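Numbering (our numbering), first residue to last: 12 to 149.
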């Protein structure tokens, strides 16, 4: 058989295609189902309106009681009453603390003040000033 090389390549390609078609069952491959569109993102919540509800002020701790300029339990005694009465102080549960000076009444100092312009109460708003005291040790 005297066939030109390019005709031979063409004949081989045509034969391959025919044999593939003959081996096929004629069924068309099913197309994959389209993927559904993703759910839309929910709307973000409405922004929260911020207001001046309260402010906390923290005071730096002094290195020792002698160097403290912080308010003590009796600082306002001459102006209407102690900031922390001894009777109220006596209701604080005792617990072991270090150093040995512990929770001594006269070492208590205001270390933080919180201003709350509208503390929620059943009757409505109530302005409050809250003070946090802790003992200052040497």
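Yeah, the Cβ is synthetic: ideal placement off N, Cα and C, and Gly gets one too.
Every value quoted in this text rests on a predicted model; they were computed, and no experiment measured them.
In terms of CA proximity to residue 77, 119 leads the group 124, 140, 137, 119. Non-local beta-carbon contacts of residue 137 in its own chain, meaning distances under 6 Å to residues more than five positions away in sequence, involve 130 in chain order. Counting other Cβ atoms within 10 Å of its Cβ, residue 122 reaches 16 or more and is therefore classed as buried. Straight-line measurement puts the Cα of residue 126 at about 7 Å from the Cα of residue 141. Residue 99: member of the alpha helix (DSSP H) spanning 97-101, first to last residue. A distance below 7 Å between beta-carbons, with the five flanking residues on each side excluded, links residue 79 to the following residues of its chain, in chain order: 73, 120, 147.
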